[in-house]
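In full-length UniProt numbering, the protein residues as written are 1 to 162.
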Amino acid sequence: MKQYHNIQPVYNKDSYLLILGSFPSVKSREGQFFYHHPQNRFWKIFEQLFDLKLQTIEDKKAFLLKHHIAVWDVIASCDIVGSSDSSIENVLVNDINSLIEETSIETIYTNGKKAHQLYQKYIFPVTQKEDICLPSTSPANATYSLEKLIESWRLLLNHDLS
Numbered sequence: 001m002k003q004y005h006n007i008q009p010v011y012n013k014d015s016y017l018l019i020l021g022s023f024p025s026v027k028s029r030e031g032q033f034f035y036h037h038p039q040n041r042f043w044k045i046f047e048q049l050f051d052l053k054l055q056t057i058e059d060k061k062a063f064l065l066k067h068h069i070a071v072w073d074v075i076a077s078c079d080i081v082g083s084s085d086s087s088i089e090n091v092l093v094n095d096i097n098s099l100i101e102e103t104s105i106e107t108i109y110t111n112g113k114k115a116h117q118l119y120q121k122y123i124f125p126v127t128q129k130e131d132i133c134l135p136s137t138s139p140a141n142a143t144y145s146l147e148k149l150i151e152s153w154r155l156l157l158n159h160d161l162s
């Protein structure tokens, strides 16, 4: 069934890191914010890396903007069963290039293999900017413990995120 992305990207002109997911989960679409499912480890990773607690959507947005991180998804709409990336078909993509042009984006990270594949297929030909694929923070990625994810995502700390 056709689903539409209902979450505005988080960014400002000073954002220089972009993290792209594939498409929001059912819980994220319901909560109208990125990685809203309580079992998704995205926010837990940042809490560990920066030694802080992010309680509200406002806290999370403020954190991202303070640290020059933009967050969005590759897909604007698609046919999807529940939250299953493997079921994604009939993709329409977000205008990632416009976001890049409005910001100071230097580095693009994709959250998981599906986001990476979609980025390479639909967005890279337009932007000509390579992405760096990080392991998915989804609870479906059971092969990665939180500790292993934190080690992989620590790569973000190579940037000046102050």
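By construction, the Cβ of each residue, glycine as well, lies at the ideal position given by its N, Cα and C atoms.
Between the beta-carbon of residue i and the beta-carbon of residue j, is there less than 8 Å?
i    : j    : result
D95  : H116 : no
S77  : Q3   : yes
L146 : R29  : no
Y144 : I19  : no
D79  : E89  : yes
L17  : H159 : yes
Could you tell me if residue i is buried or exposed, where buried requires 16 or more neighbouring beta carbons within 10 angstroms of its beta carbon?
i    : result
N111 : buried
G82  : exposed
D59  : exposed
S98  : exposed
P9   : buried
Any idea which residues DSSP pairs residue i with across the strands?
i  : result
K2 : D79
### Message
For a minimum of 3 consecutive residues, which ranges assigned as the beta strand (DSSP E) are wholly contained in the UniProt domain "Uracil-DNA glycosylase-like" (10-146)?
### Response
DSSP runs (the beta strand (DSSP E)) wholly in the UniProt domain "Uracil-DNA glycosylase-like" (10-146): 17-21, 69-73, 75-79, 89-93, 107-111, 131-134.
### Touching by the beta-carbon criterion (3+ pairs, under 8 Å), the segment 116-129 and the segment 30-49
no
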